[in-house]
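Have a look at the structure below before the remarks.
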Ligand SMILES: [Zn+2]
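This is the structure in structure tokens:
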């Protein structure tokens, strides 16, 4: 689903254009009309990271591997909501800008894994059709995402440190946005702590 605009705004600046080729035979719904499914130079990495996260997700690994696709189009699913990615049915959709930023960063695998783990968590938690408080869904996806991240072999202490640095740089934002950034840090920290302690997620696979 959505990463709140604020998180994108303090993320990495979009990089120079890469070449994306539309996937001619793409048939699955993307849930955003302007989104175009594309091949990118990073597809192999995207699939590798998803497979790693999914295959080590404990009970969820018995569910089918979700489809994942990178799209171009306006980086907004609705006005004011910038998205690094979202879920559509059983498909994980990643925006090319976010994937490009992640792939070109010094920590490309971990950057990609934060985005994909977050979306995988939305998917397995059944958030796609949820009418609950959107912010609450983000916190849950961050917590379970950080759990998957650790189980997948990425060190979630890195995600915790990254979230903490966002908190420390959030003074420029309004109180509500600062509250969301702080709550997301708490969520990442709690999911990471659970995974590090060998605990089980208190959620049953559907
Ligand atoms: Zn989300």
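In the working numbering, the protein residues as written are 87 to 292.
Glycine is no exception: its CB is placed at the ideal position from the N, C-alpha and C atoms.
Alpha-carbon to alpha-carbon, residue 125 and residue 155: 8 Å
Status (buried if at least 16 other CB within 10 Å, exposed otherwise) for residue 237: Label assigned to residue 237: buried.
Below 8 Å on the Cβ atoms is my guess for residue 213 versus residue 227; work out the distance and round it to an integer in Å. Indeed, because the Cβ distance is near 7 Å, the residues count as touching under 8 Å.
Cut-off 6 Å between Cβ atoms - residues of its own chain near residue 203, not counting five sequence neighbours on either side: Cβ within range, chain order: 139, 231, 234, 235.
Answer yes or no: do residue 171 and residue 201 have a C-beta to C-beta separation smaller than 7 Å? Yes, Cβ-Cβ distance for residue 171 and residue 201 is below 7 Å.
Separation of residue 211 from residue 128, as counted between CA atoms: 27 Å
Delimiting residues of the alpha helix (DSSP H) encompassing residue 242: 242-254
In the DSSP assignment, find the beta strand (DSSP E) that holds residue 173 and state where it starts and stops. 171-174
DSSP state of residue 266 mapped onto helix, strand, coil: Residue 266: helix per DSSP, three-state reduction.
Measure the CB-CB distance between residue 108 and residue 118 and report whether it falls below 7 Å. no
Could you compute how far the alpha carbon of residue 181 sits from the alpha carbon of residue 188? 11 Å
Following a CB-centred definition, is residue 293 positioned closer than 6 Å to any heavy atom of ligand 1? There is no way to answer for residue 293, as the model of the chain reaches only from 87 to 292.
Looking at the structure shown, is residue 109 part of a helix, part of a strand, or coil, going by DSSP? In this structure, residue 109 counts as coil in the three-state DSSP scheme.
Helix, strand or coil: which one does DSSP assign to residue 192? coil
Does the distance from the CB of residue 274 to the CB of residue 249 come in under 7 Å? Contact: yes.
Quick check on residue 177: does DSSP put it in helix, strand or coil? Under the three-state reduction of DSSP output, residue 177 falls in the strand class.
Between residue 110 and ligand 1, is the CB less than 6 Å from at least one heavy atom? no
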